[in-house]
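**Student:** Residue numbers (our numbering): 136 to 692. Structure provided below as structure tokens; questions to follow.
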């Protein structure tokens, strides 16, 4: 805004005392001060408001005005409440330094002037930024433009003083501004993603406001640029794949112009999202081709040839074909009217990215196909090393979902499930068919478990846990009731803790001393409890068969 506009606003109570020829100066901000030397707080273009408390006599005036002029402030406005008329020495000093001077009527609060200037300047900046965003969006739509969404987030930080980040549906950082400062903590990002997904599932329109600790965030959905927010598609088809723009501010009282600006920013980010999805097409096609060869029983040589083509695309610079793991995922919605394969495909591409990585490019090494209701990932491993215990490194089912479980549970709500299975690493094309079946078996084990988001790995297929999920429910209930209900009833009536004692005794391989030490009991007390267990169940815990029956009953209960 211009200084001239301040004089045209009667409510501000400003009277010009000097500097008529400088009224076209631009005001970029406002600062109130009574310091003798406020230079450290000035950046240029400010309207400086002062109550003149810094002035003890005329000798103080010249240094103060010289500091303001040197800092490039737009004008000085002095209040009349303290001294009445503005001193002549101040009027003369401002004239010498060509610094416009206003008198502020004692009936007008400095806060009124500050609020007016900030509102006007902010609106003009938003208009300028909107033009920049629109220009950048057109550039990115027509062809590659440098910077991507980071550039626009920088503009939000510099022009509107907004800290903002782009997050994936699981809370993984995709983009951020250099001016936004450090990223929120990983648990905060996951919380924001969960709140966004939960709000999207209820059909609420963005932005969604979330209070985390003492900080308020406003969450703006980033929809695909190829569809509008009012499209008739079921929200469950896209909710688990849409990005979000998280702004550290409360958008509840924003004017419509600023909200429109942020919507424009999300549209620009959506262009980048669509470009990334287009880049995934090649990797998806490679995975689809390998999957079809494996499922149709193609010759290992033909599969190996296809893998040699895939390796340079997924792992640039790698000299030889890597080892591979197969991951199978399935998303199932109640009612079954929504195809789960594409949803699982997009979700698996996100889950397999290292949760500590940032940006979209870290997903470039993942090839995911979908067939029917399944999504199947072909994951290359540059090298497979062995741990000291002989186990091989690679993807582990029990850690794969740790960082994403809460956000995905919110997105699945009460009518969806995600189950996931992970194979062991294979070293050749001949092993891929077995790896695919292994991953599918592991996913079925995960599906038999309670919870919205479950995973199982190949390690569990050589254990009793592979068999337990497939025991019919009525058989499980009868078996566990016969063995454990007498102990539960006794514990309920006598608080004897027979069930915890049985679990500890089996976990200690029947060792009296180790079990007594774990439970902080005397060995004789432990022997009494075990004897009571045997008496109530008519079993003998010195026999392997009875130990095994108790072990399985506890696992199935």
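The beta carbon of each residue, even a glycine, is placed where N, CA and C say it ideally should be. Computed from a prediction, not measured in an experiment: that's the story for all the values here.
1. Residue range of the alpha helix (DSSP H) that residue 176 falls in?
2. Enumerated in chain order, which unbroken segments of the alpha helix (DSSP H) with a length of 4 residues or greater are wholly contained in the stretch 634 to 667?
3. Is DSSP giving residue 693 helix, strand or coil here?
4. Could you name the residues of the same chain whose beta carbon sits closer than 6 Å to that of residue 143, not counting the 5 residues immediately before and after it, in chain order?
5. Tell me the DSSP bridge mates of residue 354?
6. Give me, in chain order, the residues of the same chain whose beta-carbon lies closer than 7 Å to that of residue 624; leave out the 5 immediate sequence neighbours on both sides.
7. Could you check what DSSP says for residue 473 in three-state terms: helix, strand or coil?
8. Do residue 354 and residue 394 count as a contact pair if the criterion is CB distance below 9 Å?
9. Using 10 angstroms around the beta-carbon of residue 415, count the other beta-carbons present and answer buried if the total reaches 16, otherwise exposed.
10. Please state whether DSSP places residue 136 in a helix, a strand or coil.
11. List the residues that DSSP assigns as beta-bridge partners of residue 551.
12. Quick check on residue 161: buried or exposed, where buried means 16 or more other Cβ atoms within 10 Å of its Cβ?
13. Which residues share a DSSP beta bridge with residue 505?
14. Residues in its own chain within less than 6 Å of residue 511 by CB, not counting five upstream and five downstream?
15. By DSSP's criteria, residue 232 is part of a beta bridge. Which residues make up the other side?
16. Mapping the DSSP letters down to three states, classify residue 588 as helix, strand or coil.
17. With a 10 Å radius around its C-beta and 16 neighbouring C-beta atoms as the bar for buried, classify residue 663 as buried or exposed.
18. Would residue 726 pass as a contact of residue 311 if the rule is Cβ separation under 9 Å?
19. Could you check where the beta strand (DSSP E) with residue 164 kicks off and where it finishes?
20. Looking at the unbroken beta strand (DSSP E) that takes in residue 309, where does it start and where does it end?
21. Assuming residue 575 is part of the alpha helix (DSSP H), what are its boundary residues?
22. Distance check for residue 164 and residue 251, CA to CA, integer angstroms please.
23. Can you look up residue 617 in the DSSP assignment and give me helix, strand or coil?
24. Could you check if residue 430 is buried or exposed, using at least 16 other CB atoms within 10 Å of its CB as the buried criterion?
25. Can you give me the start and stop residues for the beta strand (DSSP E) that residue 444 sits inside?
26. Short check: CB of residue 234 to CB of residue 348, under 9 Å?
27. Quick one: grab the DSSP three-state call for residue 301.
28. Take residue 337 as the anchor and find which of 680, 369, 326, 308 has the nearest alpha-carbon.
29. Give the single residue among 327, 392, 672, 622 whose Cα lies nearest to the Cα of residue 541.
30. For residue 492 and residue 538, I'd like the C-alpha separation in whole angstroms.
31. What did DSSP end up calling residue 349 once you bin it into helix, strand or coil?
32. Taking C-beta to C-beta, are residue 486 and residue 403 nearer than 9 Å?
33. From this set, 413, 595, 428, 334, which residue's C-alpha is nearest residue 544's C-alpha?
34. Looking at C-alpha atoms only, which residue of 384, 469, 345, 397 is the closest neighbour of residue 357?
35. Let me know if residue 444 comes out buried or exposed under the rule of 16 or more other beta-carbons within 10 Å of its beta-carbon.
36. Using CA coordinates, which residue listed in 231, 208, 241, 203 is at the minimum distance from residue 221?
**Tutor:** Reading from the atomic positions:
1. By 1-based counting over the chain shown, the position of residue 176 is 41. For residue 176, there is no enclosing alpha helix (DSSP H), since its DSSP letter is neither H nor E.
2. Runs of the alpha helix (DSSP H) spanning 4 or more residues and lying entirely within the stretch 634 to 667 occur at 647 to 654, in chain order.
3. Outside the shown range of the chain (136 to 692) lies residue 693, about which nothing can therefore be said.
4. Along the chain shown, one-based indexing puts residue 143 at 8. Correct list: empty, nothing qualifies.
5. Taking the chain shown and counting its residues from 1, the one referred to as residue 354 is at position 219. Residue 354 is bridged to 343, 381.
6. Numbered from 1 along the chain shown, position 489 holds the residue referred to as residue 624. Answer for residue 624: no residue qualifies.
7. Taking the first residue of the chain shown as 1, we reach residue 473 at position 338. Note: residue 473 maps to coil in three-state DSSP.
8. By 1-based counting over the chain shown, the position of residue 394 is 259. By 1-based counting over the chain shown, the position of residue 354 is 219. No, Cβ-Cβ distance for residue 394 and residue 354 is not below 9 Å.
9. Residue numbering aside, residue 415 sits at position 280 when the chain shown is read from its first letter. Result: buried.
10. In the chain shown, counting from the first residue as 1, residue 136 sits at position 1. The three-state reading of DSSP puts residue 136 in coil, since its state is none of H, G, I, E or B.
11. In the chain shown, residue 551 corresponds to position 416, counting from 1. Bridge partners of residue 551: 468.
12. Locating residue 161 in the chain shown gives position 26, where the first residue counts as 1. It counts as exposed.
13. For the purposes of this step, residue 505 is taken as residue 370 along the chain shown, with counting starting at 1. Per DSSP, the beta-bridge partners of residue 505 are 510.
14. Start at 1 with the first residue of the chain shown, and residue 511 comes out as number 376. Hits under 6 Å: 426, 463, 504.
15. Mapped onto the chain shown, residue 232 falls at position 97. Partner(s): none; residue 232 has no beta bridge.
16. As a working note, residue 588 is residue 453 in the chain shown. Reduced to three states, the DSSP call for residue 588 is strand.
17. As a position in the chain shown, residue 663 is number 528, starting the count at 1. So residue 663 ends up on the exposed side.
18. An answer regarding residue 726 cannot be provided, because it is not within the stretch 136 to 692 covered by the chain.
19. By one-based count along the chain shown, residue 164 stands at place 29. Residue 164 -> beta strand (DSSP E) spans 164 to 167.
20. Position 174 of the chain shown, counted from the start, is the residue given in the question as residue 309. DSSP places residue 309 inside the beta strand (DSSP E), whose first and last residues are 308 to 311.
21. Residue mapping note: residue 575 aligns to position 440 of the chain shown, counting from 1. Taken as a continuous stretch (DSSP letters only), the alpha helix (DSSP H) holding residue 575 covers 567 to 582.
22. Stepping through the chain shown from its first residue, residue 251 is reached at position 116. Stepping through the chain shown from its first residue, residue 164 is reached at position 29. Their backbone Cα atoms lie some 10 Å apart in a straight line.
23. Translated into positions along the chain shown, residue 617 becomes position 482. Three-state result, residue 617: helix.
24. What you label residue 430 is simply residue 295 of the chain shown in a count that begins at 1. Classification for residue 430: exposed.
25. In the chain shown, counting from the first residue as 1, residue 444 sits at position 309. Not the beta strand (DSSP E): residue 444 falls in the alpha helix (DSSP H), residues 435 to 449.
26. Taking the first residue of the chain shown as position 1, residue 234 is located at position 99. Taking the first residue of the chain shown as position 1, residue 348 is located at position 213. Not in contact: residue 234 and residue 348 (Cβ atoms no closer than 9 Å).
27. In the chain shown, the residue the question calls residue 301 occupies position 166. Looking at residue 301 - three-state DSSP - the assignment turns out to be strand.
28. Residue mapping note: residue 337 aligns to position 202 of the chain shown, counting from 1. Closest option to residue 337, Cα to Cα, is 369.
29. What you label residue 541 is simply residue 406 of the chain shown in a count that begins at 1. Measuring C-alpha to C-alpha distances from residue 541 to each of 327, 392, 672, 622 identifies 327 as the nearest.
30. Within the chain shown, the letter at position 357 stands for residue 492. Within the chain shown, the letter at position 403 stands for residue 538. In this predicted model, residue 492 has a pLDDT of only 49, less than 50, meaning its place in the structure is not dependable; the value taken from the coordinates is given anyway. Their Cα atoms are separated by approximately 12 Å.
31. Numbered from 1 along the chain shown, position 214 holds the residue referred to as residue 349. Looking at residue 349 - three-state DSSP - the assignment turns out to be coil, as it is neither helix nor strand.
32. By one-based count along the chain shown, residue 486 stands at place 351. By one-based count along the chain shown, residue 403 stands at place 268. Between residue 486 and residue 403, the C-beta spacing is not below 9 Å.
33. As a first step, residue 544 is located in the chain shown; it is residue number 409 there, counting from the start. Here the closest residue by C-alpha is 334.
34. In the chain shown, the residue the question calls residue 357 occupies position 222. Closest by C-alpha distance to residue 357, out of 384, 469, 345, 397, is 397.
35. Here residue 444 is taken as the residue at index 309 of the chain shown, counted from 1. With fewer than 16 other Cβ atoms from the protein chains shown falling within 10 Å of its own Cβ, residue 444 counts as exposed.
36. Numbered from 1 along the chain shown, position 86 holds the residue referred to as residue 221. It is 241.
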